[in-house]
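UniProt numbering applies: residue 1 is where the sequence shown begins, and numbers increase by one. For each residue, glycine too, the CB sits at the ideal point set by N, CA and C.
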Amino acid sequence: MKVDKHLFRALAQFWNPAYNCFTLGKVDLVPTVEEYMALLRCAKIQVDKVYSRAVNPPTILKKLMNITWMSEQWVTTRIKQKGDNKCISWRNLKDVVLTHPDTKKRVDAFALSIYGLVIFPKALVHVDEVVTDLSLNVCRKSGEGRFIRCAQLLLVWFHSHFWKVDKVSYRVFSKNYSPLNEVVATPKRDDISMEKWMAILQSLQEEDVEWRAPWLLPDEILYRCGDFDWVPLLGIW
Numbered sequence: 001m002k003v004d005k006h007l008f009r010a011l012a013q014f015w016n017p018a019y020n021c022f023t024l025g026k027v028d029l030v031p032t033v034e035e036y037m038a039l040l041r042c043a044k045i046q047v048d049k050v051y052s053r054a055v056n057p058p059t060i061l062k063k064l065m066n067i068t069w070m071s072e073q074w075v076t077t078r079i080k081q082k083g084d085n086k087c088i089s090w091r092n093l094k095d096v097v098l099t100h101p102d103t104k105k106r107v108d109a110f111a112l113s114i115y116g117l118v119i120f121p122k123a124l125v126h127v128d129e130v131v132t133d134l135s136l137n138v139c140r141k142s143g144e145g146r147f148i149r150c151a152q153l154l155l156v157w158f159h160s161h162f163w164k165v166d167k168v169s170y171r172v173f174s175k176n177y178s179p180l181n182e183v184v185a186t187p188k189r190d191d192i193s194m195e196k197w198m199a200i201l202q203s204l205q206e207e208d209v210e211w212r213a214p215w216l217l218p219d220e221i222l223y224r225c226g227d228f229d230w231v232p233l234l235g236i237w
């Protein structure tokens, strides 16, 4: 799925760090763990999985350098201690999103921010060291340090909430249904500038939003993810 860099840069302007959500016109909305799990078709309870910690994991310095391609000096001066863990602020990652010369790295920095500020928030307005572990665990092994599907997932989430549908297809109840395949097959414009996207997002009204993605079926509700109590929830329908 092609990543719309203009849309991503516009979305970054509407992130509200005080409430950990996107404030778009009169609408506040945020991706949730349940939505990402539905997109990836992950079971919520995986009793047959065993998790272990690496013996010699890379430092947060090396991890952030690998993800952002910023210099060691740049990363070192921006790492902060919050409680027991080290982290980097959203303000610093936002600078990477808006100014990095490599478009792919801008998208990666924004994806890392979504993981740390929305999916697994721990330190207010900061991305925790633990989240960089998660991010690197889903990187390609080629050494390039690119996220797999994270940016694309955010795009699917966005299009699913802001393109209203009259009725839900019966296919969403099929075990073989994939919302990712359906979104990829849906034609979209790719010639909209960042300025145009910002104007669109600023003018959003409640009636423009699909509050529950059409592919998200009622199921168990997650109230905790690992040691993270504060997981953004969709609510109960």
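Lys-105 beta carbon less than 8 Å from that of Thr-68: yes
Contacting residues, own chain, Cβ-Cβ under 8 Å from Phe-22 (five flanking each side not counted): Leu-11, Phe-14, Trp-15, Asn-16, Asp-28, Leu-29 and Val-30
Where Val-27 falls: helix, strand or coil (DSSP): strand
Rounded separation between Leu-216 and Glu-35 - CA only: 7 Å
Asp-4 in three-state terms, based on DSSP: coil
Cα-Cα separation between Asn-20 and Pro-187, rounded to whole angstroms: 30 Å
Ala-111 to Lys-2 span [Cα, whole Å]: 15 Å
Cβ-Cβ distance between Leu-98 and Arg-9 below 8 Å: yes
Spatial neighbours of Ser-178 in its chain, beta-carbon cut-off 8 Å, leaving aside the 5 residues before and after: Arg-41
CA-to-CA distance, Glu-206 to Arg-146, given in whole angstroms: Only weak support is given to the placement of Arg-146: the predicted model assigns it a pLDDT of 43, under 50, and the value that follows is read from those uncertain coordinates. Distance between the alpha carbons of Arg-146 and Glu-206: 35 Å.
Option nearest Ala-123 by Cα separation, candidates Val-183, Glu-72, Asn-176 and Lys-80: Lys-80
Ala-38, buried or exposed, once every other Cβ within 10 Å from all chains shown has been counted against 16: buried
Distance between Met-65 and Glu-72 (C-alpha atoms, nearest Å): 7 Å
Pair within 8 Å by beta-carbon distance, Ile-88 and Val-125: no
Assigned secondary structure, Ala-18 (DSSP; H/G/I helix, E/B strand, else coil): coil
Helix, strand or coil at Ala-213 according to DSSP, with G and I counted as helix: coil
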